[in-house]
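See structure below.
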Amino acid sequence: MTGLLAKVFRLRWAAVLLVGVMGQGANAADALNGKSLYLNGPVSGGASCATCHSASPANNVNGILAAANQPSVIQNAIATNKGGMGSLYSGKFSATELDDLAAFIGNPNVVAAPAASLAPASLTFSGANIGQTAGPLAATLSNTGNATLNIGTISIAGAAAGDFSVAGGSCANGGAVAAGASCTVQASFKPTAAGARAASLTITHNATGGSSSVALSGTGNSTPQATIALSAASVNFGTLLTGSPSAVSTITVSNSGQAALTFSSIALGGANAGIFTLGGSCAVATPVPAGGNCTVTLQALPVAAGAFSASLTLASNASNGSATVGLSGSAATPAPALTATPSAIAFGTQTIGAAAVAQTVTLANTGNVAISLNNIGLTGSGAASFSLGGSNCGSSLAVGASCAVPVRFAPTVEGAVAAALAVSSNAAALQVGITGAGTKQATATPLLSEAGPIVFADTQVGSSAAAHTTTLSNSGNASLSIATLTLGGNQPGDFVLGGSCAAGATVAPGASCTLTTAFKPVAAGARSADLLLVTDGGAQFHLALQGNGVAVAISTPSLTIAPQSFDFGAVVIGSAAPTRRFTLTNSGAAAVTLASAAYTGPFAAVADSTGCAAFPVTLAPGASCDLVVGYAPVNTGGNSGSVAIQASVAGSSWTIALSGQGTAAASNAVPTNKGGGGCSASDDVNDPMMVFLMIAAAIAIGWRRRQSKRVGG
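Per mature numbering (1 follows the signal peptide of the UniProt record, and there is no 0), the sequence shown runs over residues -28 to -1, 1 to 685.
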């Protein structure tokens, strides 16, 4: 009778398989998606098939391989509630998902792989004259697989490879094409001989086959024609002054064809064409021989402030049509400007008859025209106590340039004296006030080792440039005290002041102290400050500090999580914890490092050799891994929690919302799995085959009893 039951089971599965074969669809299935469904359960939530059939269908736990590539077997098991599958999955899977699930069961070792498709299969160029270029034409490389397609090289080979060239497109050597995406490669044709020309464009990659090719063909025509080429497609004259001509710009026009190039017109057009003057050797009456060239010169003379634009068009018999050059620039009204640093000088009290002390005034051209320096001199009632010497200022100062004017003080009388450094030029009149005082008593003579400005190297925001040291010395015959030492100006917070000099400090005769300055920008762009040092004798010193902050581009990590939330449904307390896989994908352009994952609620990470590595984990652009999470409720009722994923970049984090329902285990129920193709451990009370099996068992028992009576009789 045991053999009879075995036959019944075999007949049962044969019938199920027959239905599966008859009902199998013709659509291609996605085994990778089926893997996700098998391991994680339906997208809408629920237990995974791995709970009852182990992590791989290859183990054939509970006869799962009966559904290999047979979606109808799974559909029938759900419809008839085999193994409790109906109560778990009814309405949960679409027909496509059933196809995918069956495909994975049939191919449990499936892995993600790229698939390359290059279309069209051939590119045919229209006829082109020898030496002239046709095209470009484009071919599209598509990745129809489910992993990144890595491009190796893009090359052209064949008998006439020299007649074809890669002319652009978004595909690139060493590039990558994401799953489901595509890129283009463009080719052009420039025949070197008459007749049919052929070659092939080949792209190597990491997909099956290792490379994809497109046939290239075209016809070279021997009829000679002219071809025009320009040395520049546009000219930007920069910023000019109204009423002043620009420098002359020259454009070389070349004929790369086989016939003479003749111009029908060479003309200016556009909104501001009138401010340009044309010149050069190119002319309507002068053909350019094959292989020859000529020139067009352009000069701009703006008459009004603001942006200007125009265009130069050369119409000719060239096979590649007319050539156009864009012209642009801007103009500003002349505005001379001269500044002085510091704006005032205070020498303080100095001893009559002692050596002169000096401070330096820096003159800078901050306008947009050259400064003509007419006179630099001293004026005022106390001018006799001051003198100028060693200036490097000439008769003019270029835009952005500067020069230094040393001013010396040697008092001849007691008491305060005042004068002014006066500068006359084509800019507004400039004066720098000068003060000092004479005494017969011993005094300190403060002196800085430099007049400034102190210019620091370009420095990244938040970093520090190398420190700079300036010395304050006392060459007098009395001690000096530093009354004031501060940073002011535009951005004092971007500079750091240190050293042995300090407010209130005393410097003895013949001694010195140091001023240490550093640049630590808090923002990008030009940054400046002013260091002011005042002694108790009234001497004032200014040091200009300058630097440029450089912004550091910080790539914000980009992480895609699928799904972003999940409900584990009802789970019996104390039973095996169901799991869910969450795919973490780096959707950004730079590698992202995930530092940690913090769990709340009755949810925890599940060790899985096929999942993400231990944190911290780094994902390259486009890479992904699966975070496996388990749910183990300890109380009945609803539970909620989350997984908080933190990146190594501050402020970058992502959260997965989790929920589930805890239920108490039934005291008189022992979970079993009687559905050979099912995904559940629950009893099946609606399986029609069980009725047949019970009847067969009753018949077997009756047959054995009759046999026993016969033997006993």
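Where is the CB? At the ideal position from N, CA and C, for every residue including glycine.
| Asked | Found |
| --- | --- |
| Between which residues of its own chain and N(-2) is the CB-CB distance below 8 Å, once the five residues before and five after are set aside? | Unreliable positioning characterises N(-2) in this predicted model, as indicated by a pLDDT of 49, which lies under 50. The coordinate reading is nonetheless provided below. Closer than 8 Å at Cβ, skipping near neighbours: T68 and D71. |
| Can you tell me which of P550, L599 and A204 puts its alpha carbon nearest to the alpha carbon of A295? | A204 |
| Identify the continuous beta strand (DSSP E) that holds G519 and give its terminal residues. | A511 to V522 |
| Need the endpoints of the alpha helix (DSSP H) that D72 sits in, please. | A67 to G78 |
| Note down the Cα distance separating T269 from I223, rounded to an integer number of angstroms. | 6 Å |
| Looking at the secondary structure, which residues open and close the beta strand (DSSP E) in which P378 lies? | S374 to F381 |
| Counting only runs that start and end within the region 285 to 356, where is the alpha helix (DSSP H) found for 4 or more residues in a row? | none |
| Just list the residues that DSSP pairs C266 with in beta bridges. | V225 |
| Determine the DSSP secondary structure at G103, reduced to helix, strand or coil. | coil |
| Within the same chain, show all residues whose beta-carbon is closer than 7 Å to that of N346, passing over the 5 residues directly before and after it, in chain order. | S396 and S397 |
| Give the DSSP-derived three-state secondary structure of S547 in the structure shown. | coil |
| Ordered along the chain, which non-local residues of its own chain (more than five positions away) have a Cβ less than 6 Å from that of S300? | N208 and S281 |
| Using a C-beta cutoff of 8 Å, does L566 count as contacting chain B? | In summary, chain B is missing from the structure at hand, where a single protein chain is found. |
| Cα separation between S237 and S530? | 55 Å |
| Can you tell me whether D430 is buried or exposed, with buried defined as 16 or more other CB within 10 angstroms of its CB? | exposed |
| In chain order, which continuous runs of the beta strand (DSSP E) of length 3 or greater are located wholly inside the region 425 to 502? | 440 to 446, 452 to 460, 467 to 470 and 484 to 491 |
| Taking L95 as the reference, give the member of N558, A437 and S160 with the closest Cα. | S160 |
| Counting only the same chain and skipping the five closest in sequence on each side, list residues whose C-beta sits under 8 Å from that of S625. | A616, I617, Q618 and A619 |
| Excluding the 5 residues flanking S127 on each side, which residues of the same chain have their C-beta closer than 6 Å to its C-beta? | T174 |
| Return the residue from the list A133, G192 and P86 that minimises the CA-CA distance to A151. | P86 |
| Exposed or buried, what is K412 when buried is set at 16 or more other beta-carbons lying within 10 Å of its beta-carbon? | exposed |
| Quick check on the burial criterion: 16 or more other C-beta atoms within 10 angstroms. Buried or exposed for A318? | buried |
| Find out if the Cβ-Cβ distance for the pair L452, A416 is shorter than 8 Å. | yes |
| Taking DSSP as the reference, what is the three-state secondary structure of A255? | strand |
| How would you label A501, buried or exposed, when you count the other beta carbons within 10 angstroms and need 16 or more for buried? | buried |
| Would you check if there are 3 or more beta carbon pairs closer than 8 Å linking the region 98 to 115 to the region 25 to 36? | no |
| Could you tell me the alpha carbon to alpha carbon distance between V433 and P425, rounded to whole angstroms? | 21 Å |
| Would L233 and N292 qualify as a contact pair, given that the criterion is a beta-carbon distance under 8 Å? | no |
| Going by beta-carbon coordinates alone, are V297 and N337 separated by less than 8 Å? | no |
| For N208, which of helix, strand or coil comes out of DSSP? | strand |
| May I have the straight-line CA-CA distance separating D400 from L504, to the nearest angstrom? | Note on residue identity: the sequence assigns Ala, not Asp, to residue 400. Each residue's alpha carbon lies about 26 Å from the other. |
| Would you give the residue range spanned by the beta strand (DSSP E) that T156 belongs to? | S154 to F161 |
| Just verifying my parser: in three-state terms, what is the DSSP assignment at G134? | helix |
| Cutting at 8 Å between CB atoms, please list the residues of its own chain near G103, excluding the five before and the five after it. | K162, P163, T164, T199, S228, G229 and Q230 |
| Mark A179 as exposed unless 16 or more other C-beta atoms lie within 10 angstroms of its C-beta, in which case mark it buried. | buried |
| Evaluate D656 with the Cβ neighbour count: other Cβ atoms within 10 Å of its Cβ, from every protein chain shown; 16 or more gives buried, anything less gives exposed. | With a pLDDT of 42 at D656, under the threshold of 50, the predicted position of this residue should be treated as unreliable, and no value is reported. |
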